[in-house]
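Asks: In UniProt numbering, the protein residues as written are 1 to 127.
Note that CB positions come from ideal geometry on N, CA and C, so glycine has one too.
Bear in mind the structure is a predicted one, so any value in this text is a computation, not a measurement.
Attaching a single structure in structure tokens format; questions to follow.
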């Protein structure tokens with residue numbers, strides 16, 4: 001069965017000719033909603049999509065689903081800011097709101113973690 005999976009992967013994805021670009025870890029908490037009725041927040045953790053070129057810079061698509069609170073959660077789909085240099089690496093900023101669930105939404109703002117934190121520096125492969 002292993003050989004069949006490997007052949008399918010090679011034929012469908014053509015991965016040997018394609019190099020994956022970097023991604024970022026994204027984790028945080030949304031701000032408190034329903035302050036008067038039922039104050040609460042949620043947490044989230046995900047990995048961004050691969051880098052999407054934008055001129056001499058790039059951004060990433062991000063999507064996540066928060067944890068549950070009293071039988072509901074929230075989803076988000078959007079994109080980060082352009083890269084923000086941090087030492088010899090970079091991060092991205094994201095400020096937005098979740099989708100409405102249980103009659104409310106949550107604001108949030110987060111910075112991604114740095115890309116490839118233990119990898120060797122390779123400036124040629126960066127966007």
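In chain order, what residues of the same chain lie with their CB nearer than 7 Å to the CB of residue 69, ignoring the 5 residues before and after it?
Replies: 40 and 42.
Asks: Measuring only the C-alpha atoms, how far is residue 29 from residue 120?
Replies: Cα to Cα, the separation comes out at about 30 Å.
Asks: Among residues of its own chain, excluding the 5 on either side of residue 65, which ones have a beta-carbon nearer than 6 Å to its beta-carbon?
Replies: Result list for residue 65: 73 and 75, in chain order.
Asks: Under a three-way DSSP split, which group does residue 92 fall into?
Replies: Correct three-state label for residue 92: coil.
Asks: Here's the rule I'm using: 16 or more other beta-carbon atoms within 10 Å means buried, otherwise exposed. How should residue 44 be labelled?
Replies: Buried.
Asks: CB-CB under 6 Å to residue 95, same chain, minus the five flanking residues each way: which ones, in chain order?
Replies: 109.
Asks: Whose C-beta lies closer than 8 Å to the C-beta of residue 52 among residues of the same chain, with five residues either side of it excluded?
Replies: Answer for residue 52: 58, 59, 60, 61 and 79, listed in chain order.
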